[in-house]
Amino acid sequence: MIKKKDLTASNAEKYKSEFDILKENHKFLRSEEDESELTWEQRLAKKYYDKLFKEYCIAELKYYKEGKIALRWRTEKEVIIGKGQLTCASTRCSEKVDLKSWEVNFAYVEDGEKKNALVKIRLCPTCSYKLNYNKVHQEVDKEGTSEIKDSEQDKHEKRKRKSYDSASDQEQDIKSEGRQDVADGKKKNQMWSKDEEFDKYFSGSFD
Numbered sequence: 001m002i003k004k005k006d007l008t009a010s011n012a013e014k015y016k017s018e019f020d021i022l023k024e025n026h027k028f029l030r031s032e033e034d035e036s037e038l039t040w041e042q043r044l045a046k047k048y049y050d051k052l053f054k055e056y057c058i059a060e061l062k063y064y065k066e067g068k069i070a071l072r073w074r075t076e077k078e079v080i081i082g083k084g085q086l087t088c089a090s091t092r093c094s095e096k097v098d099l100k101s102w103e104v105n106f107a108y109v110e111d112g113e114k115k116n117a118l119v120k121i122r123l124c125p126t127c128s129y130k131l132n133y134n135k136v137h138q139e140v141d142k143e144g145t146s147e148i149k150d151s152e153q154d155k156h157e158k159r160k161r162k163s164y165d166s167a168s169d170q171e172q173d174i175k176s177e178g179r180q181d182v183a184d185g186k187k188k189n190q191m192w193s194k195d196e197e198f199d200k201y202f203s204g205s206f207d
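In UniProt numbering, the protein residues as written are 1 to 207.
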């Protein structure tokens, strides 16, 4: 006779939470997929993916000295408060001074396959130094072109610039883009109702 306790333990092992499903099926970038060919778990992960804003990334730079940098897309809440665009994109920083936009060729492994994605990230001088600690990335200027920047440690340690980004027209454009992103996100929210759980998952995905 099977004990009730054993049955409960067995069911718990088989049960997967939405977080478990996301971890197993989430992809940093997705191609156009025919939803009819996806499993229920894959469709769930895709719905979460569709709610992300893929213009700027959020970064975890804790292990920058080891050349390990984690990136993810922004949530709607982060777009609204300007995280990663009006404030530094590092999870451990809220600096708003002298932010720089960097173009990063992000290399990662997904489903056992090595992949690359060209992404943009806005960081303060201190976090920009961490990003470029082992590799020089490209800085994207206000006109959208790219320029190679040096990242030697002595340049970083000399000073931390404290001048505010005075391009008010650029800031206005950024705010307008943020409002448009939010407007687009609200349309997607109509088909998905668990916003708080979703934001909590992605905001804590680096913990």
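Even glycine gets a Cβ: it sits at the ideal position worked out from N, Cα and C. Every value quoted in this text rests on a predicted model; they were computed, and no experiment measured them.
Would you mind giving the Cβ-Cβ distance between residue i and residue j, rounded to the nearest angstrom? I have them listed as a contact below 8 Å.
{"i": "Y48", "j": "R74", "result": "Not really, about 13 Å apart at Cβ, beyond 8 Å."}
Is the beta carbon of residue j closer than 9 Å to that of residue i?
{"i": "L71", "j": "C93", "result": "no"}
{"i": "I58", "j": "S90", "result": "yes"}
{"i": "N134", "j": "G82", "result": "no"}
{"i": "V104", "j": "K114", "result": "no"}
In terms of alpha-carbon separation, which member of the options lies closest to residue i?
{"i": "A107", "options": "K100, L99, N116, S101", "result": "N116"}
{"i": "L118", "options": "E139, K46, K65, E60", "result": "E139"}
{"i": "E41", "options": "K16, L131, Y63", "result": "K16"}
{"i": "L131", "options": "T39, G84, V97, Y63", "result": "Y63"}
{"i": "E95", "options": "E110, I80, T126", "result": "T126"}
Go through its chain and collect everything with a Cβ distance to residue i's Cβ below 7 Å, but skip five positions before and after it.
{"i": "L99", "result": "C88, R122, L123, C124, D165"}
{"i": "K65", "result": "Y133"}
{"i": "K54", "result": "W73"}
Taking buried to mean at least 16 other C-beta atoms within 10 Å of its own C-beta, is residue i buried or exposed?
{"i": "E78", "result": "buried"}
{"i": "G112", "result": "exposed"}
{"i": "S168", "result": "Confidence at S168 is low in this model, with a pLDDT of 43, below 50, so its placement is unreliable and the value that follows should be read with caution. Exposed, because fewer than 16 other Cβ atoms sit within 10 Å of the Cβ of S168."}
{"i": "K162", "result": "Since pLDDT at K162 reaches only 43, below the 50 mark, its modelled position is unreliable, and the value read off the structure follows with that caveat. Answer is exposed; the Cβ neighbour count stays below 16."}
With a threshold of 8 Å on Cβ separation, who are the neighbours of residue i within its own chain once the five nearest residues in sequence on each side are excluded?
{"i": "G84", "result": "Y56, C57, I58, R74, E78, I121, R122"}
{"i": "L38", "result": "K46"}
{"i": "V109", "result": "K115"}
Cutting at 6 Å between CB atoms, please list the residues of its own chain near residue i, excluding the five before and the five after it.
{"i": "D154", "result": "Its pLDDT being 41, under 50, D154 is placed unreliably in this model, and the coordinates cannot settle the point."}
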